[in-house]
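Chemist: Take a look at the following structure, please.
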Amino acid sequence: MFLLNDHDTMLRSAAGSSIAARRLDRRPTPLWTVLIPFFNERDYLAATIASLAAQTVPVIMILVDNGSTDGSADVARAAVRAHGLDALVITEPTPGKVTALRTGLGWVRTRYVATCDADTLYPPHYLAEAERLLQRDRCVVAGAYFVPPGAEQPARDAEARRILSAARLLPRQCHAGGAGQCFDVAALRAAGGFDAAIWGFILEDHEVIHRTMRQGRMLYSRDLWCMPSPRERDRESIRWTLLERLVYSAAAPVAGSWFFYRFLARRLQRRKLLSVQMRERAFQDLEGTVLA
Numbered sequence: 001m002f003l004l005n006d007h008d009t010m011l012r013s014a015a016g017s018s019i020a021a022r023r024l025d026r027r028p029t030p031l032w033t034v035l036i037p038f039f040n041e042r043d044y045l046a047a048t049i050a051s052l053a054a055q056t057v058p059v060i061m062i063l064v065d066n067g068s069t070d071g072s073a074d075v076a077r078a079a080v081r082a083h084g085l086d087a088l089v090i091t092e093p094t095p096g097k098v099t100a101l102r103t104g105l106g107w108v109r110t111r112y113v114a115t116c117d118a119d120t121l122y123p124p125h126y127l128a129e130a131e132r133l134l135q136r137d138r139c140v141v142a143g144a145y146f147v148p149p150g151a152e153q154p155a156r157d158a159e160a161r162r163i164l165s166a167a168r169l170l171p172r173q174c175h176a177g178g179a180g181q182c183f184d185v186a187a188l189r190a191a192g193g194f195d196a197a198i199w200g201f202i203l204e205d206h207e208v209i210h211r212t213m214r215q216g217r218m219l220y221s222r223d224l225w226c227m228p229s230p231r232e233r234d235r236e237s238i239r240w241t242l243l244e245r246l247v248y249s250a251a252a253p254v255a256g257s258w259f260f261y262r263f264l265a266r267r268l269q270r271r272k273l274l275s276v277q278m279r280e281r282a283f284q285d286l287e288g289t290v291l292a
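In my numbering, the protein residues as written are 1 to 292.
As structure tokens, then:
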């Protein structure tokens, strides 16, 4: 097990970067990295890490502290040690989930990466099921559906039917939120990765899927799901409008770039819905699909 900490300066140090890279490359590399950006998630982070530590496939964990003030980074380090994980705990002081994800992706050395939210629980088969999908022809991203904590099989089956139906009807749009997205790293990087210069607004999870799907297709399955925490969320101030959802459904197959960069970006800019002004806990949304 190794645990690396940047203490706010490691990413700016060429020597520190080289040491980290050598330690990441010293042993046979797992196929998976889990990437978790977090901001003030002390109450939920340990449980999330525990659920990912129980995966049935080997995993490297990269946790990106986006300026927490509640000791979340200490919680992350303690949980990593407790579970004997191969992990990197780093700090990205610039506010914004997109920037935190970009920083974390820069450290990824594996074939696949899963973006996970710091307040979400993942079943032990989560990464194995995502890997099964990603090994299918031209699959570059696998999407999970969300269910409430403690949901029984009938509830999961109902939600699975909903998202699978939506994906069949609208295959060129995203039906999974950022807490449930698993990427082929080469395809994600070829698409530009996470970059606030490309997209610095909310709904970054949908925009990055638009770019990544230029490289291939996105798949879902009834067995790929996760459980976001039940806490209340400030959705009204940051959700997209019904008009925007309808235009997305119509435009995604033929004019996705126009929709995001000419239509939606201008509207989000007017509403000041920028990633830099939002933190993870404010806008994780259970509505991964635009269909009701």
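Idealized CB from N, CA, C, for every residue including glycine. Since the structure is predicted, the reported quantities are computational estimates derived from the model, not experimental observations.
1) Can you tell me the Cα-Cα spacing of W258 and M218, whole angstroms?
2) Specify the secondary structure class of Q181 as computed by DSSP and reduced to three states.
3) Tell me which residues share the same chain as A251 and place their Cβ nearer than 6 Å to its Cβ, disregarding the 5 neighbours each side in the sequence.
4) According to DSSP, simplified to helix, strand and coil, what is D205?
5) With 16 as the cutoff for other CB atoms within 10 Å, does S68 come out buried or exposed?
6) Does F229 come out as helix, strand or coil in the three-state DSSP assignment?
7) Less than 8 Å between the CB atoms is what I'm expecting for G216 and V140, so what's the real figure, rounded?
8) So, is P253 buried or exposed, given that buried needs 16 or more other C-beta atoms within 10 angstroms?
9) Among all the DSSP beta bridges, which residues are the ones paired with W240?
10) When burial is assigned at 16 or more other CB atoms within 10 Å of the CB, is Q135 buried or exposed?
11) Based on Cα-Cα distance, which residue from A142, I202, T120, R138 lies nearest to A128?
12) Which stretch, first to last residue, makes up the beta strand (DSSP E) that contains A197?
13) If we ignore side chains and look at the alpha-carbon of each, how far apart do I36 and L88 end up?
14) What does a CB cutoff of less than 6 Å around L188 pick up in its chain, not counting 5 residues either side in sequence?
15) Taking only the alpha-carbon atoms, compute the straight-line gap between A21 and T103 and give it to the nearest angstrom.
16) Using a Cβ-Cβ cutoff of less than 7 Å, which residues in the same chain neighbour L170 once the five nearest sequence positions on both sides are dropped?
17) Going straight from the alpha carbon of R161 to that of D223, what length do you get?
18) Can you round the beta-carbon distance between I62 and T33 to whole angstroms, since I take them to be within the 8 Å contact cut?
19) Does DSSP classify A142 as helix, strand or coil?
20) Measure the CB-CB distance between T29 and T110 and report whether it falls below 7 Å.
21) Kindly list the residues whose CB is nearer than 7 Å to the CB of V147, restricted to its own chain and excluding five residues on each side of it in sequence; keep chain order.
22) Just verifying my parser: in three-state terms, what is the DSSP assignment at Y220?
23) How far does the beta strand (DSSP E) with A118 in it reach, from first residue to last?
24) Would DSSP call P154 helix, strand or coil?
25) Buried or exposed for D137, going by 16 or more other Cβ atoms inside 10 Å?
Modeler: On the basis of the supplied data:
1) Rounded to whole angstroms, W258 to M218 spans 20 Å at the Cα level.
2) strand
3) Cβ neighbours of A251 beyond the five flanking positions: F259.
4) helix
5) Classification for S68: buried.
6) In the sequence under discussion, the amino acid at residue 229 is Ser, which differs from the Phe named in the question. Reduced to three states, the DSSP call for S229 is coil.
7) 4 Å
8) Looking at its Cβ environment, which holds fewer than 16 other Cβ atoms inside 10 Å, P253 is exposed.
9) Its beta-bridge partners do not exist; DSSP assigns none.
10) Only exposed fits Q135, as fewer than 16 other CB atoms lie within 10 angstroms of its CB.
11) Among A142, I202, T120, R138, the Cα nearest to that of A128 is on A142.
12) Note, A197: premise wrong, no beta strand (DSSP E); not H, not E.
13) 10 Å
14) T212
15) With a pLDDT of only 44 at A21, under 50, the local geometry of the prediction cannot be trusted, and the value read off the model is given with reservation. Taking the straight line from one Cα to the other gives about 14 Å.
16) Taken in chain order, the residues that qualify are S249, A252.
17) When rounded, the separation of the alpha-carbon atoms in R161 and D223 is 11 Å.
18) 6 Å
19) Taken through DSSP and simplified to helix, strand or coil, A142 comes out as strand.
20) T29 is a Cβ neighbour of T110, given a cutoff of 7 Å.
21) Result list for V147: A155, R156, E159, W225, M227, in chain order.
22) Strand, per DSSP.
23) Taken as a continuous stretch (DSSP letters only), A118 belongs to no beta strand (DSSP E), as it is neither H nor E.
24) Residue state, collapsed to three classes: helix.
25) It counts as exposed.
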